[in-house]
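Notes to accompany the following structure.
Shown next as structure tokens:
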């Protein structure tokens, strides 16, 4: 057991906290079924699985229904509610069923160690003010490298970052003990936190909602921690090493929701600096993906909708107004030439 643990739930006389495991499916039933089967092998003694289908095709939903059983329930939405809407249904059900924790687990996450959930709950139980706990994340496959070990978010000054370096993550945890930022990939959420701060902000729809939830958790006086004993495998979307592998909708949400995050927590004027930094990053990504119009159009549309405050799901037909897009491209290429000449 961890030193100083508050609750000895392994004691035979104690009842372990009840965990509702929530796995969101969207046209990915084969992988979702494999993930559910892995979760059912967890050593933790007291949990149920709620699989939520987010408006998938009829064939996908039909295959998913076969999961229903004593420990697994399948819930179906008729339309795609986004990652936030789907997970919020899981959080609501967790409260309704009086779960002590909700474990939000991506359908493409690989949980290899049968003691993963046990370890996450053990850490969360060690302090009543721990609100969110995440494992470290690594690339799929044996020997896959770490791709996320922790992050932080501060508003004074406005900083938000994540790292795959364990030493950097430990240093940030010491430097920003009350500003931890965790990923939603395999996120354990304490029910008292849900009651304190509510659900995910559905205006994000997908991406950056976990950053927002982490910050709101910190503001409510909770701590967000990474369990260094746990490792879950999940593919990383690396915008530098492999930008063309990232799908258009991901580029769109990344650009749009960065603006939403900063303006939500800082207001329009104070958000200008971090939003400008985000804009410059988008320009760099555009230059890396130059020649692939579906990707760069998605970045431009996300930028435009971030500026104008649009929310909801991505549509491949979205575009930044033509004259403005041409101006942004001219600036992006000018920045590229300026950087090259200075080098």
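Residue numbers (the working numbering): 691 to 1033. We put the CB at the ideal spot given by N, CA and C, even for glycine.
### Query
Can you tell me where the beta strand (DSSP E) with residue 872 in it begins and where it stops?
In the chain shown, the residue the question calls residue 872 occupies position 182. Looking at the DSSP string, residue 872 is not in any beta strand (DSSP E), and its letter there is neither H nor E.
### Task
Report all residues from its chain with a CB closer than 7 Å to the CB of residue 997; omit the five preceding and five following residues, and keep chain order.
Position 307 of the chain shown, counted from the first residue, corresponds to residue 997. The beta carbon of residue 997 lies closer than 7 Å to those of 949 in the same chain, with the five residues before and after it left out.
### Query
For residue 929, which residues from the same chain have a beta carbon less than 6 Å from its beta carbon, with the 5 sequence-adjacent residues on both sides left out?
The sequence position of residue 929 within the chain shown is 239, counting from 1. Around residue 929: 975.
### Message
Bridge partners for residue 727 per DSSP, in chain order?
### Response
Position 37 of the chain shown, counted from the start, is the residue given in the question as residue 727. Bridge partners of residue 727: none, in fact.
### Task
Give the single residue among 783, 1022 and 871 whose Cα lies nearest to the Cα of residue 899.
Taking the first residue of the chain shown as 1, we reach residue 899 at position 209. The option with the nearest alpha carbon to residue 899 is 871.
### Query
residue 787: which of 993, 738, 771 and 748 sits nearest, CA to CA?
Here residue 787 corresponds to residue number 97 of the chain shown, with the count starting at 1. That would be 738, whose Cα lies nearest to the Cα of residue 787.
### Cβ neighbour criterion (16 or more within 10 Å) applied to residue 776
Counted from its first residue, the chain shown places residue 776 at position 86. Buried is the call here.
### Query
At what residues does the alpha helix (DSSP H) containing residue 769 begin and finish?
Looking up residue 769 in the chain shown gives position 79. Residue 769 -> no alpha helix (DSSP H), and no H or E assigned at all.
### Query
Can you name, in chain order, every residue of its own chain whose Cβ lies under 6 Å from the Cβ of residue 773, other than the five neighbours on each side?
For the purposes of this step, residue 773 is identified with residue 83 of the chain shown, where counting begins at 1. Cβ neighbours of residue 773 beyond the five flanking positions: 896.
### Query
In three-state terms, what does DSSP make of residue 799?
Taking the first residue of the chain shown as 1, we reach residue 799 at position 109. Note: residue 799 maps to coil in three-state DSSP.
### Query
What residues match up with residue 828 in a beta bridge as DSSP calls it?
In the chain shown, the residue the question calls residue 828 occupies position 138. Answer by DSSP bridge pairing, in chain order: 836 and 923.
### Message
So for residue 979, helix, strand or coil by DSSP?
### Response
For this step, residue 979 is matched to residue 289 along the chain shown. Residue state, collapsed to three classes: coil.
### Message
Taking the alpha carbon of residue 837 as the reference point, which residue from 1013, 875 and 844 has its own alpha carbon closest?
### Response
On the chain shown, residue 837 is found 147 positions in, with the first residue counted as 1. Taking only the C-alpha atoms, the option nearest residue 837 is 875.
### Beta-carbon separation (whole angstroms), residue 740 vs residue 763, contact threshold 8 Å
Your numbering for residue 740 matches position 50 in the chain shown. Your numbering for residue 763 matches position 73 in the chain shown. Going by Cβ atoms, the distance from residue 740 to residue 763 rounds to 5 Å, so yes, they are a contact pair.
### Message
Measuring straight from C-alpha to C-alpha, what distance separates residue 862 and residue 902?
### Response
Numbered from 1 along the chain shown, position 172 holds the residue referred to as residue 862. Numbered from 1 along the chain shown, position 212 holds the residue referred to as residue 902. Cα to Cα, the separation comes out at about 18 Å.
### Task
Excluding the 5 residues preceding and the 5 following residue 675 in the sequence, name in chain order all residues of the same chain whose CB lies nearer than 6 Å to its CB.
The requested residue 675 is not part of the displayed model; the chain covers only 691 to 1033.
### Task
Closer than 8 Å by C-beta to residue 659: which residues in its own chain qualify, once you throw out the five before and the five after it? Chain order, please.
Outside the displayed range of the chain (691 to 1033) lies residue 659, so it cannot be described from this structure.
### Query
Can you give the Cα-Cα distance for residue 933 and residue 984, rounded to whole angstroms?
The residue labelled residue 933 in the question sits at position 243 within the chain shown. The residue labelled residue 984 in the question sits at position 294 within the chain shown. One C-alpha to the other measures close to 12 Å.
### Query
How long is the line joining the alpha carbons of residue 824 and residue 719, rounded to whole angstroms?
Against the chain shown, residue 824 aligns to sequence position 134. Against the chain shown, residue 719 aligns to sequence position 29. The alpha-carbon separation between residue 824 and residue 719 amounts to approximately 24 Å.
### Query
Ordered along the chain, which non-local residues of its own chain (more than five positions away) have a Cβ less than 6 Å from that of residue 856?
Position 166 of the chain shown, counted from the start, is the residue given in the question as residue 856. Excluding residues up to 5 positions away in sequence, 839 lie with their Cβ nearer than 6 Å to the Cβ of residue 856 in the same chain.
### Message
Using a 10 Å radius around the Cβ and a threshold of 16 neighbouring Cβ atoms, would you call residue 704 buried or exposed?
### Response
Here residue 704 corresponds to residue number 14 of the chain shown, with the count starting at 1. It is exposed - the Cβ of residue 704 has fewer than 16 other Cβ atoms within 10 Å.
### Message
Determine whether the beta carbon atoms of residue 746 and residue 793 lie at a separation below 8 Å.
### Response
Translated into the one-based positions of the chain shown, residue 746 becomes position 56. Translated into the one-based positions of the chain shown, residue 793 becomes position 103. Cβ atoms of residue 746 and residue 793: not closer than 8 Å.
### Task
Return helix, strand or coil for residue 814, following the three-state DSSP convention.
Counting from one through the chain shown, the residue named residue 814 turns up at place 124. Three-state DSSP puts residue 814 in a helix.
### residue 841 - partner residues in DSSP beta bridges
Within the chain shown, residue 841 is the residue found at index 151, counting from 1. Its beta-bridge partners are 852 and 871.
### Coil, strand or helix - residue 708 by DSSP
As a working note, residue 708 is residue 18 in the chain shown. In this structure, residue 708 counts as coil in the three-state DSSP scheme.
### Query
Straight-line CA distance for residue 707 to residue 878?
Start at 1 with the first residue of the chain shown, and residue 707 comes out as number 17. Start at 1 with the first residue of the chain shown, and residue 878 comes out as number 188. Their Cα atoms are separated by approximately 12 Å.
### Task
Please list, in chain order, all residues of the same chain as residue 726 whose beta carbon is under 7 Å from its beta carbon, the five residues on each side excluded.
For the purposes of this step, residue 726 is taken as residue 36 along the chain shown, with counting starting at 1. For residue 726, where only same-chain residues beyond five positions count, the Cβ hits under 7 Å are 713, 739, 741, 757 and 762.
### Message
Please classify residue 938 as buried or exposed, where buried requires at least 16 other C-beta atoms within 10 Å of its C-beta.
### Response
Here residue 938 corresponds to residue number 248 of the chain shown, with the count starting at 1. With 16 or more other Cβ atoms within 10 Å, it is buried.
### Query
When we look at the beta-carbon of residue 1027 and count the other beta-carbons within 10 Å, is it buried (16 or more) or exposed?
By 1-based counting over the chain shown, the position of residue 1027 is 337. Per the 10 Å Cβ criterion, exposed.
### Task
Below 6 Å CB to CB, which residues in the same chain sit around residue 804 once its five sequence neighbours on both sides are set aside?
By one-based count along the chain shown, residue 804 stands at place 114. The answer, listed in chain order, is 731, 732 and 733.
### Alpha carbon of residue 1000 to alpha carbon of residue 943, nearest angstrom
Within the chain shown, the letter at position 310 stands for residue 1000. Within the chain shown, the letter at position 253 stands for residue 943. Between residue 1000 and residue 943, the C-alpha separation is close to 11 Å.
### Query
Counting along the chain, where does the beta strand (DSSP E) carrying residue 742 start and finish?
Along the chain shown, one-based indexing puts residue 742 at 52. Residue 742 -> beta strand (DSSP E) spans 737–744.
### Query
How big is the Cα-Cα spacing for residue 1017 and residue 1010?
Looking up residue 1017 in the chain shown gives position 327. Looking up residue 1010 in the chain shown gives position 320. Taking the straight line from one Cα to the other gives about 11 Å.
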